[in-house]
Structures are given as C-alpha cells and as structure tokens.
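Reviewing the structure listed below.
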C-alpha cells in the first residue's frame, strides 16, 4: 500500500514517543559484554594489509632475562568516543530510481557505493553531496542512519531528514575500543635496547564487526632493539562496532610504548631524549626497508630547544609552586604515510586564464579547498586567486577518503598527474607559430600564467594558447597512484611531544600548563592550516590523557555517559598555550615532498602527559584517563 507522509514523525518528540509504543519480542541469550572476563578467550588478531599481526626477531624472552635494565608493565586505555560537536545527520530524496543523499561524510565515494549496494541501484544512480563534514575523526562514514533515512524517503515519497541525538551517536556509531597492553623493554647499562616486547588485547564486535586497534604499529618503526616480539589478540563483544578514531592504533599504542620508554630512561638514569637517540634505527626492521626520509631526532632537537628541556629536573617531585607539583614529560609521535591508490582529479582551464580543480574530496575543517587551490596554483603557475577547488560531491571523480592522513597528499599526486596530462594537451594545441611549437612536455614548465621553455626560455600564456587554438576551455583528468619506487621505502611521519603539567597535592587535579609539539612530516604546504591541524590533535590527545572515557555498563551493554555533559572533552580552560614547530624537510619520494599530518598530532600526547605527571609527583599512572582519584589513590598507597 502507498504510505502517507504522515506515517513518519514530523518532530523528534513524535519519533521518540512512537518508539515507546513499539513492542519487541525476542529470545534472550547470554551476551558477551565483559572484556576482562573474556580475556582468556582472546584470539589472535588477523593481519592487516601490509602488516602481519605478529612479528618476532630473535629471542626476546632470553634478552629480557639477561638484561641489565628491564621494564615490564601493563598499560590500559578505555573506550573512547569521537564526540564531535556536529551530530550525525542525513537528508535523502528520490527521483524515480535515483537517490540523492545530503550527508556529512568523510568517505563520499564509499557512502555512494554502500547505498547503491543496499538499495540495488547502479552506482551512477546514487549521488552523495557533502560539502562540509564538521567534526569526524573517523566516525563520519556509513552507519545505519543514512540507510534508514533513504528507506524512509522512498517509503513516503518525499525528502526526509534524520539527525541522531547525542545519545544515539554513542549507541549506534562506532568508537575506539579499549586495550590492555604489555610492554617489556630491556637494555644494557648504556641504554641500547636488547629487547622490545609489545603484546596485548583489544576488543571488537562479534564476527567481523569492527576495526581492530593495531596498537603495536609504533613499535614496528620507532626504535632499534636486538630482539623483538610484537603480537595482538582480540576479544569479541556484543557491542557497537569499533571503528577508526584519529590515530587508530597508533594513539593507544604510543601511550604504552612511550610510557615504557620513559620508565626505562628513569631506571637506567638516562635522559629520555638521549635514550631515544641511542635507539634510533638505521632502517625499518619489520620490512627491512630503508626510510624515505626520517628526521625524528631533529624534531626532538628543535622541540627541546623551544621547550627548554635542559632546564628540566630529572628527579620526580623536585619542583613545587604552592599546592602544585610541576613536572615535564616527553614522548615520540608516529604515524605511517599511507599510500592508497585510486584518487583522481580533473582540471579545467578557461580562456581567461582561470582553472577549476575538481574531485570528490572532503572538508572537515582542515582547509582542504585552501591547500588544494594553493598547491594546484603552484603546479599550474597561476596566481592562487585564479584557481578554484570544487569538492564534496560524488558526481565528481573519486578522491581518497578523509582518513589515515591520506587525502591531501593523494589529491596533490592526482593533480600533478592531471597537470602533466593538461600540459600535453596544451602543447598539442600550440600552432606552428607558437613559441612552444614542437616542444615536449619535459622541456617546458608552468609559470607566470602559462607554459614556457625551461631555463628562462620563450613561451606563451594560457590565455594566448587557448585564443590561438580557438578554444574556450581545455580539460584533463588523471589518477595519482603511488609510484612503485615509493613502495620500496618505509614512509612515515614523526614528532616529539613536550608537556608541562601542574598537579594539585590536595585534590589530585592535573592541569596541562605548557606544550610544544615538533614534527617531521615532510614539506608543510600551508603553515596556518597545518598549525591548526597539529593543535587540534594535541588537544584531542589531552582529552584522551585526562578526561575522556566512555563508561560501559556490562549488565546492559550500554554507555552510561552518552552526552557532552558527562563524557568530558577538553574545553578552553583545559588547553594550554601550544607551540607548534616542524623540521620542514621535504620527503624526496612523497608528492610535493609532503606527508600527512592529520593523525600524527594525537599520537604520543597521552604518554607525554603521563610522563610529566610522573616527573611532577613520582607516581606512574598506567591506566587512562589520569583522573584525580587515581592520583590520590596511588599517593595513598605509596604513603
């Protein structure tokens, strides 16, 4: 039967009341809800593309047994929620068998493909429009609400909008899983590592329902040791699917590894930065590949200089300001340079010397349009104001999704290839009377609004070229896949996080009072947008360290603090001055010399805070978040 539009709620209040009238009958079964109780049933985590789940080299247990200095501890991180201010929302409308979804997606092409599959449509019959995403951090992908919204619109044959409440976001959208990690480090008296063991367990949904935090990722790249053992297990729970969250795996793994490195430095009586210098690897031991570019020690140097690390006292509880103990900590940041295939771009050049670059990219506040227009203008030899970047629509050619720090550089690679194709077309248009007649693409360069022979040779403006050819526009399209040469190298971004905290002796309150982040991420394309990205990740990491925890009721399988009033993210009063530095050394193999920066800034942050808390109080907190009760309990136990 034909449904009337009145069959759908017109307001949220109507929908919530209608939901209370629905009766559901079901057969109850024992739910898998307790991570701790199910730890004995943990299974080996599956491999991920390019990364085996288990890695060993040598006999790490023997090295631990015979070492001069050993640290062997367990670190825990809780469930975390993305908690973006902008709620998940979608608006759907149908025109026959054509579906248009107005979404806030950081994976437009993925959403299009998923909706086409669910509704049995040709992919070209689905259009996803998402010019602005708002906060995402990995959660703004395909969930049930887009599918329900599209189904409701088809049912009532009119546009439908669906906005999740904050509580519904916590209940239906995936989040970061909890972890329990063991890190065991052994060294000689001089601090050189003889063993690095990083093992542990995380949680995911039952079956293949969810992402598995690859928390051993930093241990594969950051340090040299004579022996290694890295392994992960997973416990399946009847909970909302786990999913990507900024620095997925690296954020949680860096907390454990970098705290353990600080503990080893303390046990060996070596400065934490010096310990890392002595553990600097010559190559990526996990694959045997050379690094394409690695200037982590330079990041530590410039960061330490700006932070005034040499003024730090290595002795815990040695600095006090009234009721506040003052401490300083440091940690390394790490995130891989992910090389995803498939990003494409189109460039349309007009006869008045303006260009439009287009692809189905996403804007989550990182300045996508600004950076891409700037990079394309540089590549085309045009003023930045003459280039427009069009994005946010699946009818455009596909781009990489906004995640894994892949989007910006992959689009730039696609634009480079597209520019090359455009240059070839322009040279084909050049007549015999053009200064470019007979020129090969390798002989020319784009500058001053046109194409010119290299070494200051003659050339012609784009306006003149198109006018001479009688063309209003010329257009090119190309893909920007990773060259095979790049695949021979280990490509990663690095950083050094420096933190100062003040800890109240009376209440256990921790306040972050100063921060310096120094990063080695290749060439910085836009200093203003990059600084914003780095600061945003550090603020998110401060929340991970001090306040954030999705509290799980193992009786009902529910999150019991599903609101921003009870799930505490940092606000202005919690955030100190954050000084951002970078080495700025281009990666010789990366497009435009740049590596991604979106994820790395959250890694190492929680460890830097925990290490600073130890320096301030002498108390090691290995269970996030570092709340006042844990400070006071540890303090009481030590007394």
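Numbering (this note's numbering), first residue to last: 20 to 658. Note that the Cβ used here is the ideal one computed from N, Cα and C, for glycine as well. Only a predicted model underlies this, so the values are computations on that prediction, with no experimental measurement involved.
Whether residue i touches residue j by CB criterion (7 Å)
i, j, result
"residue 146", "residue 135", "no"
"residue 222", "residue 254", "yes"
"residue 647", "residue 565", "no"
"residue 83", "residue 205", "yes"
"residue 659", "residue 374", "The structure shown does not extend to residue 659, since the chain spans only 20 to 658, so no value can be given for it."
"residue 158", "residue 127", "no"
"residue 161", "residue 133", "yes"
"residue 125", "residue 421", "yes"
"residue 100", "residue 569", "yes"
"residue 499", "residue 417", "no"
"residue 269", "residue 236", "yes"
"residue 214", "residue 238", "no"
"residue 622", "residue 266", "yes"
"residue 437", "residue 398", "no"
"residue 634", "residue 346", "yes"
"residue 470", "residue 457", "no"
"residue 624", "residue 516", "yes"
"residue 344", "residue 96", "no"
"residue 610", "residue 435", "yes"
"residue 308", "residue 508", "yes"
"residue 189", "residue 558", "no"
"residue 396", "residue 403", "yes"
"residue 172", "residue 91", "no"
Cβ-based neighbour list, residue i, same chain, cut-off 7 Å, excluding 5 preceding and 5 following
i, result
"residue 651", "527"
"residue 20", "Bear in mind that the predicted position of residue 20 carries a pLDDT of just 41, short of 50, making it unreliable; the figure below should be weighed with that in mind. Result list for residue 20: empty, nothing under 7 Å."
"residue 443", "460"
"residue 35", "none"
"residue 317", "539 and 602"
"residue 653", "638 and 640"
"residue 359", "419, 425 and 429"
"residue 78", "246"
"residue 455", "446, 449, 463, 470, 478 and 479"
"residue 137", "166"
Among the options, the one whose alpha carbon lies nearest that of residue i
i, options, result
"residue 556", "197, 589 and 131", "589"
"residue 466", "454, 642 and 480", "480"
"residue 482", "476, 474 and 491", "491"
"residue 598", "654, 577, 327 and 614", "327"
"residue 510", "337, 310, 424 and 431", "310"
"residue 186", "498, 580, 568 and 129", "580"
"residue 594", "233, 563 and 531", "531"
"residue 619", "403, 463 and 264", "264"
"residue 228", "513, 520 and 196", "196"
"residue 407", "387, 422, 421 and 232", "387"
"residue 524", "573, 189, 649 and 151", "649"
"residue 452", "473, 487 and 468", "487"
"residue 485", "517, 441 and 567", "441"
"residue 87", "370, 472, 209 and 516", "209"
"residue 348", "331, 341 and 224", "331"
"residue 533", "336, 561 and 226", "561"
"residue 252", "31, 193 and 233", "233"
8 Å Cβ shell around residue i - same chain, five flanking residues per side excluded
i, result
"residue 22", "With a pLDDT of 49 at residue 22, under the threshold of 50, the modelled position of this residue cannot be trusted, and the question is left open."
"residue 329", "323"
"residue 663", "The question about residue 663 has no answer here: the residues shown for the chain are numbered 20 through 658."
"residue 290", "284 and 333"
"residue 340", "521"
Cβ shell of residue i (< 6 Å), same chain only, five flanking positions each side left out
i, result
"residue 612", "541, 542, 605 and 606"
"residue 104", "154"
Residue i CB to nearest heavy atom of the ligand MG below 6 Å
i, result
"residue 494", "Absence of the ligand MG from the depicted structure is noted, as is the absence of any ligand whatsoever, leaving it without description."
Is there contact here, the region 47-63 with the region 178-186, by at least three beta-carbon pairs under 8 Å? Taking 8 Å as the limit for Cβ pairs, the verdict is that the region 178-186 does not touch the region 47-63.
Take every Cβ of the region 533-540, pair it with every Cβ of the region 321-332, and state whether three or more of those distances are shorter than 8 Å. Touching, yes, given that three or more Cβ pairs across the two stretches are closer than 8 Å.
My parser needs the beta strand (DSSP E) runs of 3 or more residues fully inside the region 159-218; what are they? Counting only runs of 3 or more, we get 179-182 and 198-206.
To test your reading of the DSSP string, which unbroken beta strand (DSSP E) runs of 3 or more residues are found completely within the region 389-461? Counting only unbroken stretches of 3 or more residues, the beta strand (DSSP E) elements lying wholly within the region 389-461 are 406-409, in sequence order.
Continuous alpha helix (DSSP H) assignments of at least 4 residues falling wholly in the region 501-527: Fully enclosed alpha helix (DSSP H) runs of 4 or longer: 503-506.
Does the region 291-304 touch the region 114-126, meaning 3 or more C-beta pairs lie closer than 8 Å? Between the region 114-126 and the region 291-304 there are fewer than three C-beta pairs closer than 8 Å, too few to call the two in contact.
Is it true that the region 620-635 meets the region 265-279, where meeting means three or more beta-carbon pairs spaced less than 8 Å apart? When Cβ pairs closer than 8 Å are counted between the two stretches, the region 620-635 is seen to touch the region 265-279, the count reaching three or more.
Check whether the region 240-252 touches the region 208-226, taking contact to mean three or more Cβ pairs, one atom from each stretch, closer than 8 Å. Contact holds: three or more Cβ-Cβ distances are below 8 Å.
Three or more C-beta pairs below 8 Å linking the region 571-587 and the region 346-360: Fewer than three pairs of CB atoms, one per stretch, sit closer than 8 Å, so the region 571-587 makes no contact with the region 346-360.
Which ranges would you report for the beta strand (DSSP E) in the region 533-579 if only whole runs of at least 3 residues count? Taken in chain order, the region 533-579 contains no complete beta strand (DSSP E) segment of 3 residues or longer.
Is it true that the region 162-173 meets the region 110-119, where meeting means three or more beta-carbon pairs spaced less than 8 Å apart? Here the region 162-173 makes contact with the region 110-119; the two share three or more CB pairs at distances below 8 Å.
Of all the beta strand (DSSP E) runs that stay within the bounds of the region 243-298, which reach a length of 3 or more residues? Fully enclosed beta strand (DSSP E) runs of 3 or longer: 246-256.
Threshold first: 4 residues or longer. Then list the alpha helix (DSSP H) segments lying entirely within the region 64-88, N to C. Positions of the alpha helix (DSSP H) runs, each at least 4 residues long and wholly inside the region 64-88, are given as 79-84 in order along the chain.
What are the start and end residues of each continuous beta strand (DSSP E) run of 3 or more residues lying completely inside the region 579-654, in chain order? Listed in chain order, the complete beta strand (DSSP E) runs (minimum 3 residues) inside the region 579-654 are 597-601.
Entirely within the region 464-502 and at least 3 residues each: give me those beta strand (DSSP E) ranges in chain order. Whole beta strand (DSSP E) segments, 3+ residues: 469-472, 478-480 and 492-498.
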